[in-house]
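Here is the structure we will look at.
In the numbering used here, the protein residues as written are 50 to 427.
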């Protein structure tokens with residue numbers, strides 16, 4: 050039986066960032082034509098696409114024309130207006146669907162979806178104004194974390210509240226939002242999986258995430274946790290994908306509590322920064338899996354070839370000039386990935402390094418050493 054959208058067809062990608070770039074490269078490797086739609090020209094994804102359309106997501110005429118020129122359309126980020134998805138769906142197949150995107154792009158809807166599905170989450174409350182925030186804080190106690198409902202990422206749009214005095218702080222995230230009770234945890238992990246249109250699921254090994262300044266700094270795979278906890282995390286993520294009736298690649302971030310219990314923190318309906326290790330360390334990487342899922346191909350094997358570590362390269366590395374690429378390349382076991390961005394800035398993700406080794410600890414040590422060799426503010 051032939052897939053709905055086999056090689057040679059036209060794949061549309063909404064969004065021009067690094068996730069779209071890596072998806073486009075996977076698609077081209079399999080013989081697909083790639084069309085990218087992004088608000089800014091010369092985007093990382095557009096640089097490697099057959100066609101790049103530069104227009105705004107609320108430009109109905111441009112969206113419809115773009116969708117009519119592709120066979121199947123997917124997304125490299127979730128914050129696409131609902132109207133954009135609806136317009137596109139009238140002209141081509143869109144995966145994942147509008148409902149999954151709508152849930153993931155709003156924290157109130159996301160927490161409601163998870164809670165109603167019986168998934169473990171930290172105690173939380175929706176807050177719409179200052180009075181509601183004070184009331185929620187009184188119920189949940191301190192410390193707590195206030196997060197804006199939409200558009201927050203890499204620590205932006207959230208703030209830890211240590212006590213009642215913080216309710217009047219000038220740097221509170223804009224409301225509406227959610228207030229979450231502070232829950233002690235020993236580790237953040239993420240589970241990246243692919244789910245096909247037929248319901249088949251391929252789960253990547255659990256990744257251990259290490260943050261710095263609220264930005265993902267490194268992912269270590271397999272996560273250094275009890276194998277039983279890892280299995281529960283994989284099962285939990287697969288259950289979330291099934292409840293969403295999801296098609297594509299989904300990332301589920303979780304907290305591991307001291308007793309091994311898991312709490313779901315966030316979901317992302319797309320490939321994820323913490324899944325970049327799969328480009329070098331797995332039989333099938335997350336971007337090829339996204340392509341296979343949305344195009345109706347059977348999913349590939351997510352098998353991990355060796356323990357590995359991925360470290361991000363932020364724009365801070367350029368603080369003293371061009372990084373010393375030759376110094377990092379001198380580490381013969383280090384894979385360098387750059388995203389084609391021409392304007393480095395502090396905190397901006399410009400690329401990543403991946404190392405495979407005998408153990409996760411050795412991989413992380415080697416990856417950090419290679420990054421340090423680049424110079425700058427690593």
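For glycine and all other residues, C-beta sits at the position ideal for the given N, C-alpha and C.
Neighbour-count burial assignment, residue i, 16 or more Cβ in a 10 Å radius
i, result
"residue 91", "exposed"
"residue 119", "buried"
"residue 167", "exposed"
"residue 408", "exposed"
"residue 80", "exposed"
"residue 143", "buried"
"residue 135", "exposed"
"residue 405", "buried"
"residue 263", "exposed"
"residue 125", "buried"
"residue 60", "buried"
Backbone CA spacing between residue i and residue j [nearest angstrom]
i, j, result
"residue 174", "residue 379", "51 Å"
"residue 284", "residue 76", "29 Å"
"residue 417", "residue 423", "10 Å"
"residue 138", "residue 336", "22 Å"
"residue 50", "residue 350", "Legend: pLDDT at residue 50 = 43, less than 50; position of this residue unreliable, value from coordinates given subsequently. Cα-Cα distance, rounded: 20 Å."
"residue 162", "residue 310", "20 Å"
"residue 53", "residue 347", "11 Å"
"residue 63", "residue 231", "35 Å"
"residue 371", "residue 68", "23 Å"
"residue 127", "residue 207", "18 Å"
"residue 145", "residue 339", "10 Å"
"residue 289", "residue 373", "42 Å"
"residue 210", "residue 312", "20 Å"
"residue 94", "residue 102", "11 Å"
Where residue i sits in the DSSP three-state scheme
i, result
"residue 292", "helix"
"residue 188", "helix"
"residue 207", "strand"
"residue 389", "coil"
"residue 50", "Reliability of the predicted coordinates at residue 50 is poor, the pLDDT of 43 falling under 50, and no value is obtained from them."
"residue 268", "strand"
"residue 333", "coil"
"residue 59", "strand"
"residue 253", "coil"
"residue 10", "Residue coverage of the chain in this structure runs from 50 to 427, which leaves residue 10 outside it and unanswerable."
"residue 348", "coil"
"residue 258", "strand"
"residue 134", "helix"
Residue closest to residue i, alpha-carbon to alpha-carbon, out of the options
i, options, result
"residue 363", "237, 265, 164", "265"
"residue 304", "260, 333, 290, 334", "260"
"residue 383", "244, 315, 176, 360", "360"
"residue 246", "215, 121, 94", "121"
"residue 199", "414, 334, 306, 223", "223"
"residue 185", "216, 164, 156, 170", "216"
"residue 282", "240, 271, 253, 250", "240"
"residue 369", "425, 152, 315", "425"
"residue 300", "250, 292, 315", "315"
"residue 56", "65, 73, 66", "73"
"residue 183", "61, 164, 258, 212", "212"
Subject >> Segment contact flag, the region 234–241 with the region 190–198, C-beta cutoff 8 Å, min 3 pairs >> reply: Using a Cβ-Cβ distance cut-off of 8 Å, the region 234–241 and the region 190–198 are not in contact, since fewer than three pairs of beta carbons, one from each stretch, lie closer than that value.
Subject >> Sufficient close CB pairs (3 or more, under 8 Å) joining the region 174–191 to the region 314–324 >> reply: No contact exists between the region 174–191 and the region 314–324.
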